[in-house]
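Asker:
Number of protein chains: 2
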Amino acid sequence: MSHDARDGDEAVPHLSPDEFRKLGHKMVDWIADYWSRLDSFPVRSQVPPGSVAAKLPVHPPEEGLGGEPGWDAVFRDLEDVVLPGLTHWQSPSFFAYFPANASGPAVLGELLSAGLGVQGMLWSTSPAATEMETRVLDWLAELTALPASFLSTSATGGGVIQGTASEATLVAMVAARERVRGHGAPANSQWVAYSSTQAHSSVLKAAMLCGVARSASDTVHVRQIETDAHFALRPDALERAIREDLAAGRRPFFVCASVGTTSSGAIDPVRAVAAVLERTGVTASGGWLHVDAAWAGAALVCPEHRALLDGVELSDSFAFNPHKWLLTNFDCNAFYTRDKRALLDALSVTPEYLRNAASASGAVIDYRDWQVPLGRRFRALKLWFVLRHYGARGLRAHIRNHVRLAEHFESQVSGDARFEVAVPRSLALVCFRLEPLAGETPEATDARNRALLDTVNATGKLFLTHTVLPAVDGGPPRYVLRMAIGGTYTEARHVRAAWEALSAAAG
Amino acid sequence: MSHDARDGDEAVPHLSPDEFRKLGHKMVDWIADYWSRLDSFPVRSQVPPGSVAAKLPVHPPEEGLGGEPGWDAVFRDLEDVVLPGLTHWQSPSFFAYFPANASGPAVLGELLSAGLGVQGMLWSTSPAATEMETRVLDWLAELTALPASFLSTSATGGGVIQGTASEATLVAMVAARERVRGHGAPANSQWVAYSSTQAHSSVLKAAMLCGVARSASDTVHVRQIETDAHFALRPDALERAIREDLAAGRRPFFVCASVGTTSSGAIDPVRAVAAVLERTGVTASGGWLHVDAAWAGAALVCPEHRALLDGVELSDSFAFNPHKWLLTNFDCNAFYTRDKRALLDALSVTPEYLRNAASASGAVIDYRDWQVPLGRRFRALKLWFVLRHYGARGLRAHIRNHVRLAEHFESQVSGDARFEVAVPRSLALVCFRLEPLAGETPEATDARNRALLDTVNATGKLFLTHTVLPAVDGGPPRYVLRMAIGGTYTEARHVRAAWEALSAAAG
Numbered sequence: 422m423s424h425d426a427r428d429g430d431e432a433v434p435h436l437s438p439d440e441f442r443k444l445g446h447k448m449v450d451w452i453a454d455y456w457s458r459l460d461s462f463p464v465r466s467q468v469p470p471g472s473v474a475a476k477l478p479v480h481p482p483e484e485g486l487g488g489e490p491g492w493d494a495v496f497r498d499l500e501d502v503v504l505p506g507l508t509h510w511q512s513p514s515f516f517a518y519f520p521a522n523a524s525g526p527a528v529l530g531e532l533l534s535a536g537l538g539v540q541g542m543l544w545s546t547s548p549a550a551t552e553m554e555t556r557v558l559d560w561l562a563e564l565t566a567l568p569a570s571f572l573s574t575s576a577t578g579g580g581v582i583q584g585t586a587s588e589a590t591l592v593a594m595v596a597a598r599e600r601v602r603g604h605g606a607p608a609n610s611q612w613v614a615y616s617s618t619q620a621h622s623s624v625l626k627a628a629m630l631c632g633v634a635r636s637a638s639d640t641v642h643v644r645q646i647e648t649d650a651h652f653a654l655r656p657d658a659l660e661r662a663i664r665e666d667l668a669a670g671r672r673p674f675f676v677c678a679s680v681g682t683t684s685s686g687a688i689d690p691v692r693a694v695a696a697v698l699e700r701t702g703v704t705a706s707g708g709w710l711h712v713d714a715a716w717a718g719a720a721l722v723c724p725e726h727r728a729l730l731d732g733v734e735l736s737d738s739f740a741f742n743p744h745k746w747l748l749t750n751f752d753c754n755a756f757y758t759r760d761k762r763a764l765l766d767a768l769s770v771t772p773e774y775l776r777n778a779a780s781a782s783g784a785v786i787d788y789r790d791w792q793v794p795l796g797r798r799f800r801a802l803k804l805w806f807v808l809r810h811y812g813a814r815g816l817r818a819h820i821r822n823h824v825r826l827a828e829h830f831e832s833q834v835s836g837d838a839r840f841e842v843a844v845p846r847s848l849a850l851v852c853f854r855l856e857p858l859a860g861e862t863p864e865a866t867d868a869r870n871r872a873l874l875d876t877v878n879a880t881g882k883l884f885l886t887h888t889v890l891p892a893v894d895g896g897p898p899r900y901v902l903r904m905a906i907g908g909t910y911t912e913a914r915h916v917r918a919a920w921e922a923l924s925a926a927a928g
Numbered sequence: 422m423s424h425d426a427r428d429g430d431e432a433v434p435h436l437s438p439d440e441f442r443k444l445g446h447k448m449v450d451w452i453a454d455y456w457s458r459l460d461s462f463p464v465r466s467q468v469p470p471g472s473v474a475a476k477l478p479v480h481p482p483e484e485g486l487g488g489e490p491g492w493d494a495v496f497r498d499l500e501d502v503v504l505p506g507l508t509h510w511q512s513p514s515f516f517a518y519f520p521a522n523a524s525g526p527a528v529l530g531e532l533l534s535a536g537l538g539v540q541g542m543l544w545s546t547s548p549a550a551t552e553m554e555t556r557v558l559d560w561l562a563e564l565t566a567l568p569a570s571f572l573s574t575s576a577t578g579g580g581v582i583q584g585t586a587s588e589a590t591l592v593a594m595v596a597a598r599e600r601v602r603g604h605g606a607p608a609n610s611q612w613v614a615y616s617s618t619q620a621h622s623s624v625l626k627a628a629m630l631c632g633v634a635r636s637a638s639d640t641v642h643v644r645q646i647e648t649d650a651h652f653a654l655r656p657d658a659l660e661r662a663i664r665e666d667l668a669a670g671r672r673p674f675f676v677c678a679s680v681g682t683t684s685s686g687a688i689d690p691v692r693a694v695a696a697v698l699e700r701t702g703v704t705a706s707g708g709w710l711h712v713d714a715a716w717a718g719a720a721l722v723c724p725e726h727r728a729l730l731d732g733v734e735l736s737d738s739f740a741f742n743p744h745k746w747l748l749t750n751f752d753c754n755a756f757y758t759r760d761k762r763a764l765l766d767a768l769s770v771t772p773e774y775l776r777n778a779a780s781a782s783g784a785v786i787d788y789r790d791w792q793v794p795l796g797r798r799f800r801a802l803k804l805w806f807v808l809r810h811y812g813a814r815g816l817r818a819h820i821r822n823h824v825r826l827a828e829h830f831e832s833q834v835s836g837d838a839r840f841e842v843a844v845p846r847s848l849a850l851v852c853f854r855l856e857p858l859a860g861e862t863p864e865a866t867d868a869r870n871r872a873l874l875d876t877v878n879a880t881g882k883l884f885l886t887h888t889v890l891p892a893v894d895g896g897p898p899r900y901v902l903r904m905a906i907g908g909t910y911t912e913a914r915h916v917r918a919a920w921e922a923l924s925a926a927a928g
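Those protein sequence lines, which keep their order, are chains A and B.
At position 160 of the first sequence (counting the first as 1) the number is 581 in the numbering used here, and the numbers step up by one without a gap.
At position 445 of the second sequence (counting the first as 1) the number is 866 in the numbering used here, and the numbers step up by one without a gap.
(1) Take residue 556 of chain A as the anchor and find which of B:687, B:785 and B:473 has the nearest alpha-carbon.
(2) Looking only at C-alpha atoms, which of A:485, A:735 and A:739 sits nearest to residue 696 of chain A?
(3) So, residue 391 of chain B versus residue 809 of chain A, is the Cβ gap smaller than 9 Å?
(4) Can you name the start and end residues of the beta strand (DSSP E) that residue 643 of chain B belongs to?
(5) So, helix, strand or coil for residue 603 of chain B, using DSSP?
(6) In chain order, which continuous runs of the alpha helix (DSSP H) of length 4 or greater are located wholly inside the segment 504-549 of chain B?
(7) Check the Cβ-Cβ distances between residue 658 of chain A and every residue of chain B, and say whether any is below 9 Å.
(8) So the alpha helix (DSSP H) residue 811 of chain A belongs to, where does it begin and stop?
(9) Taking all protein chains shown into account, do 16 or more other C-beta atoms lie within 10 angstroms of the C-beta of residue 426 of chain A, making it buried, or fewer, making it exposed?
(10) For residue 894 of chain A, is the classification buried or exposed, using 16 other Cβ atoms within 10 angstroms of its Cβ as the cut-off for buried?
(11) Assuming contact is defined by CB atoms lying nearer than 9 Å, are residue 470 of chain A and residue 785 of chain B in contact in what I supplied?
(12) What does DSSP give as the partner residues of residue 709 of chain B in its beta bridges?
(13) When you compare the CB positions of residue 654 of chain B and residue 694 of chain B, do they come within less than 9 Å of one another, or not?
(14) Does any CB atom of chain B fall closer than 9 Å to the CB of residue 452 of chain A?
(15) Residues in the same chain with beta-carbon distance under 6 Å from residue 571 of chain A, minus the five sequence neighbours each way, listed in chain order, please.
(16) Determine the direct distance from the alpha carbon of residue 687 of chain B to that of residue 468 of chain A, and round the result to whole angstroms.
(17) Let's see if you can read the secondary structure: which residues bound the alpha helix (DSSP H) around residue 845 of chain B?
(18) Closer than 9 Å, CB to CB, is residue 860 of chain A near chain B or not?
(19) Using only the alpha-carbon positions, how far apart do residue 748 of chain B and residue 527 of chain B sit?
(20) Check the Cβ-Cβ distances between residue 751 of chain B and every residue of chain A, and say whether any is below 9 Å.
(21) 9 Å is my cut-off, CB to CB: does residue 775 of chain A come that close to chain B?
(22) According to DSSP, residue 854 of chain A sits in a beta bridge with which residue or residues?
(23) With a threshold of 16 other CB atoms inside 10 Å of the CB of residue 869 of chain B, please say whether the residue is buried or exposed.
(24) Reducing DSSP to helix, strand and coil, say where residue 798 of chain A ends up.
(25) Terminal residues of the continuous beta strand (DSSP E) containing residue 581 of chain B?
(26) On the DSSP bridge assignment, give the partners of residue 755 of chain B in chain order.
(27) Take residue 800 of chain B as the anchor and find which of B:918, B:723, B:552 and B:516 has the nearest alpha-carbon.
(28) In chain order, what residues of the same chain have a beta carbon less than 7 Å from the beta carbon of residue 876 of chain A, not counting five sequence neighbours either side?
(29) At least one CB of chain B closer than 9 Å to the CB of residue 508 of chain A: is that the case?
(30) In terms of residue numbering, what span does the alpha helix (DSSP H) encompassing residue 612 of chain A cover?
(31) Ends of the beta strand (DSSP E) at residue 899 of chain A?
(32) Would you mind stating whether residue 444 of chain A and residue 492 of chain A have Cβ atoms separated by less than 9 Å?
(33) Beta-carbon within less than 7 Å of residue 569 of chain B's beta-carbon, same chain only, minus the 5 sequence neighbours each way: which residues are those?
(34) Determine, for residue 920 of chain B, whether the minimum Cβ-Cβ distance to residues of chain A falls below 9 Å.
(35) Under DSSP, the beta strand (DSSP E) around residue 890 of chain A begins and ends at which residues?
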């Protein structure tokens, strides 16, 4: 019904409930079909820059679609514009970076969250969003055998869903600085944050954001500590660096230990790192140990992988991404701390328009004070759906299958004289390369491996990425391929096909 | 099909495509039903703290749901556990905070984004995610009449979707500091950021995160400038503060002008603020002017509201939230800058595992360098769906209806001797209160207004929030009620009912 603007309401062309149902069903079906077609697409998008943009109108539409039939054009564009421009992260032959698990239950949770459209910045703005998040994160802590001091049922700890591991690291770093200030460090201290050379780039980025690092190449305030033969942080080197900095009047305040680095899945020795912080007095002056297990943390649902956790009870915060390898769509980072007070001290700002009786009572959690943004989606729903749908047993099976596939892949690589495993497999990540030929320069070996990667990726049948591992024992840095197994629907046949493609391309 | 773990793959109980379809359809229908039931729920949740948690199992399930029939329990819990614990942001009688528009097209976009499960951190990790975002943000800039210097087609500008206005402000502030450093300011400068007293709490929080503010009460490094009778920043007071700081050797580097403050919708005079920065030399030394139009920016789709934009071409960045009042589900902040280089300088970190030919060519945008996190969802889809579905005409009608409803509400308030409009209506936000009685103390007036708010909110028929407006002309600060009209499905009858409830409760 259309009105003259001057007479009353103008018609806003909302979808009617019936139209929404029809289109919603169609979209659900489209997604189900997409998942079943995944094998038919080139895994890595093959379009050149600008080709997607070229298919889109330059100007926005003055008139809308005019109802549900108009959406036929949208569904056509999904095929013609969107699909060719996708790198298919859900393809069972996607072995690049780390996995980004989507799953039916998680998608249903994201859909529901969008449909409810509630905003859980405060407990009072939707108690269920807060209380379910608290409970589901306690469930997840139990499933991953985290120390009780990280649970909401402890005196000073608790969990929260952050968007990403980057935000988790930033929040931990800011809380750390605030806590060390609380121990008497002046605000203009020469702050120093530490990680290994292999830590994720988000550590440096967090330091840039919070003003500790003065540039991306500031090696004074963000020290990347050398690693051992397996690319794990060397506690002796960390201790030396911290003592140097203390002697120079700088203020060590934050260490990020990586449990499962991005390059090679290396596991920093958390217990030994904590001992260094204790020994050097960093702990006593409020210093913070954050454990970034973004990818590997999911494996903790299996008892056989819990050695990864050794010493984690000595850390101040621990984070991992169910959105990587635990069947929960991006974004969902599970962040735990045993010092929530430090977070609140660093992040709470309460203007009048957010004041309310429940918050003032102190009886509730307001998660806005645990994170960078104010607003927040109801992300607990997707995690709740995933944990309920799969159960602990299903999650273990998910992890174990991938680890088993990676073991098999590793054995194939090591059984082929042309290849070598570059570093022992970490969970479901295998770093490998073509072995140097007799008399070959390191550059030439790297070039052959780069060419191999380009060749297999160009087939579209699979997608892998690379990294460069640092020099070990006087050798050169090595360009290696990363086989990260962990797709929701990745099966033995996909890994087998990947090996065949690699083997064929190796000549 | 179950296997012995030692023999081969363990069965992971994924939903079959058919089960996903069935459950997806059911969830879509549940949401459509939810929207049509919205009038039947108390708008603000009425549960006491702990009551949702009490309905949830303490421990996670060992066994999963065992397939689609098991989901009946989930749907029962949506009714019994989730719904009572919600504050219904999508209720047409939700007038609290600012609106958080969900819409059918946006929910379909969020669903699709989850189903595709691609991660657009780099152009190469899904070219469509990047190129569609760029184009859709150019569309939105055209729809809101932003200066051409903010478009991707300009030499140095462009847009990006951030999660929230808080993140937009943080990113702008970090870019600002980097740019001023580039103009020769030492890293340990006494940085000073400015906004009005009425700016959103995220300005202070950003300053705390990035280390400029040393605490939530640091008034040296975050200066909140006094406002005029309409609660807009006073350029003369800003100029005085900047000159004081310069004289004291501090370094003014960032100003946030608010176009539509959270408390009362006040509009800071962007052009005059820019002139102050120019006059004081702050601009010449790299200082940054950010315009936060989180809520009001949506109104720019209507030509009659574009006076709000006066001077915006002199700002360095501009952001607003389609997730507030433009029918696009949270989270979706549209952030524009005319100096993307400054963002990249402040936020780029490129480890080996993210290097790729497309990025190295410089021909593409990698949006990870424009934001805090590394990973990113394909949020352009929901914005694309909204802009296509409604068209410019539909968006204008959406805004105009709410503004018209607010005009009518304002006239009712001002026509009732018991009430007063506290400050002239801003777009669709009306701040009002019960007028002081003869001889009444300010505290008593505030108390009567607080009681009125509690009374109407307790009915469950509507939900409003309050704010405190600062003293003007020697008067006391005033506790006022905020009527923020802008729900996707809010119609004249809902606003009428709200007025009747307020009027009845006023006695």
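Beta carbons: idealized from backbone N, C-alpha and C, even for Gly.
Since this is a predicted model, take the numbers as computed values, not measurements.
Answerer: Well, looking at it:
(1) Measuring C-alpha to C-alpha distances from residue 556 of chain A to each of B:687, B:785 and B:473 identifies B:473 as the nearest.
(2) A:735
(3) With chain B represented from 422 up to 928, any question about residue 391 of chain B goes unanswered, as that position is not in the structure.
(4) 643-646
(5) helix
(6) 525-537
(7) False, the Cβ-Cβ gap to chain B never drops below 9 Å.
(8) That run of the alpha helix (DSSP H) goes 801-835.
(9) With a pLDDT of 38 at residue 426 of chain A, under the threshold of 50, the modelled position of that residue is not reliable, and the figure given next carries that caveat. Exposed: under 16 other Cβ atoms inside 10 Å.
(10) exposed
(11) Yes, they are a contact pair.
(12) B:675
(13) yes
(14) So yes, residue 452 of chain A belongs to the interface.
(15) 562, 578, 757 and 759
(16) So the alpha carbons of these two residues sit roughly 46 Å apart.
(17) Careful: residue 845 of chain B lies outside any alpha helix (DSSP H), inside the beta strand (DSSP E) at 840-847.
(18) Chain B, which has no Cβ nearer than 9 Å to the Cβ of residue 860 of chain A, makes this no.
(19) The alpha-carbon of residue 748 of chain B is positioned some 7 Å away from that of residue 527 of chain B.
(20) yes
(21) yes
(22) A:841
(23) buried
(24) coil
(25) 579-583
(26) B:582 and B:741
(27) B:552
(28) Hits under 7 Å: 926.
(29) yes
(30) Counting along the chain, residue 612 of chain A falls outside any alpha helix (DSSP H), though it belongs to the beta strand (DSSP E) covering 612-617.
(31) 899-905
(32) yes
(33) 575
(34) It does not: the Cβ of residue 920 of chain B has no partner Cβ on chain A nearer than 9 Å.
(35) Going by DSSP, residue 890 of chain A is part of the beta strand (DSSP E) stretching over 886-890.
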